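I have placed the structure first, in the form of structure tokens, so that the comments after it can refer back to it.
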Amino acid sequence: MYEFLTSTEVYNFIKGPLVWVSFIIFIGGSLYKIISLLFLARKDKVVYPYMSLKYSVRSIFHWVIPFASTNMRKRPWITTMTFSYHICLVLTPVFLLSHNMLLRDSWNIRWWTLPEGVADVMTLIVILCTLFFLMRRLIAPEVRFVTSVSDYVLLAMVAAPFSTGFLAFHQLFFDYNLIVTFHILFGEIMLVAIPFTRLSHMLFFWLTRAYTGSEFGAVRHAKDW
Amino acid sequence: MIKVERKDVADPGIDEKVKNLNPEKIEKTINWVLGKEAAARLKAYVQTCIHCGLCSEACHYYLSHDRDPSYAPVAKVRQTLWEILKRKGRVDGESLKRYARIAYTECNLCRRCSMYCPFGIDIAYLISIVRRMCHLLGVVPQYLQARINSQMATMNSEWLTQDDWIDTAQWQEEELRMEIKNARIPLDKKGAEIMYSLHSVEVKFMTQLIANIAKIMTVAGIDWTIPSTDGWDNTNQAMHGGDFETMGMAVRKHFEAAFKLKVKKIVMNECGHAFKAVVYDGSRWLGWKESPLPYVHAIQFYYELIRNGKIKIAKKIKEPVTVQDPCNLVRGRGLGDMLRYIINATCEDFRDMTPRYEHNYCCCSGGGVLHADKPWKSVRLEGSRVKAEQMKATGAEIAITACHSCHKGVHDLIDHYKLGMHVKFLSEILVEVMEIPEELRVAK
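What follows is the structure in structure tokens.
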């Protein structure tokens, strides 16, 4: 099994075609999800007539800036954790040196790179925040009450590429080749899962916020933060 | 798993009605609602909710029950809609009873949680989907359903006949003439500028409020009228019951009355849910983007009267007052500033509650919970504990509110939590403090 997983064939497969497949599913699936929701919203007759660009932007603005909404100010710890988690989660893989080297080797594309130490800390932040969210799910009664197996699976799915990446970078505990194989595989699983699980909140956040912002702002003349 | 504990409450509208149902009918009805009526919003909300529980602190039920997790907004969705979706509509009568209880008596549809959800998920909308299912299955709290039946039969919520209404209007006119010369409640005056729309509750129990508005209209010199025929009542419990057909019928009748009278706008009494029913839910159901005629709430109307000097304030209320922001008018229409303008103009010692404006707690009577009535009264009073604490902290002696549900809710919670306050409508304050011109006064 070990020989199989660390073999060049397997490595080349998950580093090559499987990356293509997962990106196609991620991008295609995301587009499909967004477009089908936008079409479905026409059936829900009270959505489009009330949309307002001004109030959509106002609402999104108040919810992507840390501490810009009342609830965020009421829970400073959760706000800090949530924002660090999401920022690191998105930026680290996109601007990681080793990812950029792969991109350069394959397509000769170059863009900004995070210093290795910074990327390392950001990865750690993602892992620590995951643990924080896990503890919250286990301990806080209002979260535990609405937690099901799927919530743990989602947390694990996001944490997996980061923790394996961290282990691979520091070459800790496991065999490097094995852990890199798993790292890539977990990354691909996460990408594919985004459009088809509740990780799709990444896609829908902008839409639900825009609609609520429009309803609150343009129709009801009230703030929604 | 955390245990959900609730005292048993018997409501024949729920308990007896589920006995008439069979699993096939339940499944068919639920899936009809899920497939035909609820579309993009339901899908987006369910797929986006990350189960973070950050909406919990928004809910007055949750806070009033010492943070019992089963009262959190998302928990109410978990116990109803998630379960329904998971079972694909295959639910039994016992489950349906639970859903009805949660949807009708543990949520006021106040929408405060939408302001606390990072995604802005409209949890009240999700709960109203459950109410819609319950309505279509005939499982609705008995008292609430009785009001809806009244709406269907009489076009008002209190089983009033046309002569009940005309007689009350004339009686109040007569009473007012003891005080104001030539005071009138002009019924069916074609071409008047304003049609006034009111509550059946005012006609049946709180008739003084009709005299109040007549007094304000007369002093301000407004050209107004009220229809004598169906359409004068703006209450709409059908909206809360999930009976959108009846809701639409009542709102249509209301506008038709206004069109027949050829008025320029409609001014309504101090009520929150009726504003929502007419301007939002009802108009949308009938295919209008907004109400087809300008629909002015009493808060805005009084505000304009005072600002334009049509009503002058002779003296101010001396006792400390506080204000209950009605959800449907402040979170639902942004009338908070106008409300405070009126109070500052009429009262000397105004003490605001914290939190206030959009963030104010619901009185726990809105959204039809008040109208589920007697069997559920303790549920509503327990849920309003945080409201009572908030009110007590102001040290006020008078609580002002411009909404009938708030008025009744606050009245009951003052009694229950022994706050020693009085609750008043804006019109009651206004008639007390406004200047009556010499020429209108009846010589004593």
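Chains A and B, in that order, give the protein sequences.
With my numbering applied, the first sequence covers 6 to 230.
With my numbering applied, the second sequence covers 291 to 734.
Beta carbons: idealized from backbone N, C-alpha and C, even for Gly.
Every value quoted in this text rests on a predicted model; they were computed, and no experiment measured them.
**OP:** Select from A588/B, K333/B, A662/B, C652/B the residue whose C-alpha is nearest the C-alpha of A300/B.
**Re:** A662/B
**OP:** Run the CB neighbour count on N559/B, radius 10 Å, all protein chains shown included, and call it buried at 16 or more, exposed below.
**Re:** buried
Subject >> Beta carbon of C693/B nearer than 9 Å to that of N650/B >> reply: no
Original post:
Applying a beta-carbon distance threshold of less than 8 Å, which residues of chain B neighbour W117/A?
Top reply: The contacting residues do not exist; W117/A stays about 28 Å from chain B at best.
**OP:** Can you tell me the Cβ-Cβ gap for C400/B and G599/B, rounded? I've got them flagged as a contact below 8 Å.
**Re:** Between G599/B and C400/B the Cβ distance is about 35 Å, and since that is not below 8 Å, they are no contact.
Original post:
Does the beta-carbon distance from G622/B to G562/B come in below 9 Å?
Top reply: yes
Subject >> E147/A classed as buried or exposed, judged by whether at least 16 other C-beta atoms fall within 10 angstroms >> reply: buried
Original post:
For a contact meaning CB atoms closer than 8 Å, what does C342/B contact in chain A?
Top reply: V148
**OP:** With 7 Å as the C-beta to C-beta threshold (strictly closer), list the residues of the region 405–424 of chain B near chain A in chain order.
**Re:** Per Cβ criterion, the list reads M405, Y406, P408, F409, G410, I411, D412.
**OP:** Identify the continuous alpha helix (DSSP H) that holds A528/B and give its terminal residues.
**Re:** 527–531
Subject >> Beta-carbon proximity check, N526/B vs A548/B, cutoff 9 Å >> reply: no
Original post:
List, in order along the chain, the chain B residues whose C-beta lies closer than 7 Å to that of N76/A?
Top reply: L344, Y406
Original post:
From the beta carbon of H649/B, is the nearest beta carbon of chain A less than 9 Å away?
Top reply: yes
**OP:** Could you check the C-alpha separation between K505/B and S490/B for me, to the nearest Å?
**Re:** 19 Å
Original post:
Between the C-alpha atoms of S153/A and L160/A, what's the straight-line distance to the nearest angstrom?
Top reply: Roughly 12 Å between the two C-alpha positions.
**OP:** Could you list which residues in chain A have their beta carbon closer than 8 Å to that of S360/B, in chain order?
**Re:** F150
Subject >> Enclosing beta strand (DSSP E) for Y631/B [first to last residue] >> reply: Counting along the chain, Y631/B falls outside any beta strand (DSSP E), though it belongs to the alpha helix (DSSP H) covering 626–636.
Subject >> Inter-residue CB distance, R646/B and D615/B (contact presumed, cutoff 8 Å) >> reply: 6 Å
Original post:
Out of curiosity, what's the CA-to-CA distance linking T319/B and L311/B?
Top reply: 11 Å
Subject >> Spatial distance of Y593/B from Y631/B (CA atoms) >> reply: 7 Å
Original post:
Does the pairing of the region 313–331 of chain B with the region 41–54 of chain A give three or more beta-carbon distances under 8 Å?
Top reply: yes
Subject >> Distance CB(V553/B)-CB(L583/B) smaller than 9 Å >> reply: yes
Original post:
Under 9 Å, do L716/B and I690/B count as touching if we go by C-beta distance?
Top reply: yes
Original post:
Residues of chain A with a CB under 9 Å from the CB of E347/B: which are they?
Top reply: N76, K79, R80, E147
Original post:
Looking at the unbroken alpha helix (DSSP H) that takes in H701/B, where does it start and where does it end?
Top reply: 694–706
Original post:
Measuring CB to CB, does Q680/B end up less than 9 Å from M643/B?
Top reply: yes
Original post:
Whose CA, out of C345/B, H530/B, M529/B, lies closest to the CA of D412/B?
Top reply: C345/B
Original post:
Hey, A742/B and E463/B: beta-carbon distance below 9 Å or not?
Top reply: Missing from the structure shown is residue 742/B; chain B here goes from 291 to 734 and no further.
Original post:
Would you say T87/A reaches chain B, if we count a Cβ-Cβ gap shorter than 9 Å as a contact?
Top reply: yes
Subject >> Host alpha helix (DSSP H) of Y352/B (start-end) >> reply: 350–354
Subject >> Interface residues of the region 45–59 of chain A facing chain B [CB-CB below 9 Å] >> reply: L45, A46, R47, K48, D49, K50, V51, V52, P54, Y55
Original post:
According to the neighbour-count rule (16 or more other Cβ atoms, all chains shown, within 10 Å of its Cβ), is L108/A buried or exposed?
Top reply: exposed
Subject >> Cutoff 7 Å; reference L709/B; Cβ partners in own chain excluding five residues on either side >> reply: A678, M681, K682
Subject >> Given R115/A as reference, the closest of H104/A, V123/A, D125/A, A124/A once Cα atoms are compared >> reply: H104/A
**OP:** Confirm, please, whether the CB-CB distance from G577/B to F545/B is below 9 Å.
**Re:** no
Original post:
Since V131/A and F167/A are thought to touch, with beta carbons under 8 Å apart, how far apart are those beta carbons, to the nearest angstrom?
Top reply: 5 Å
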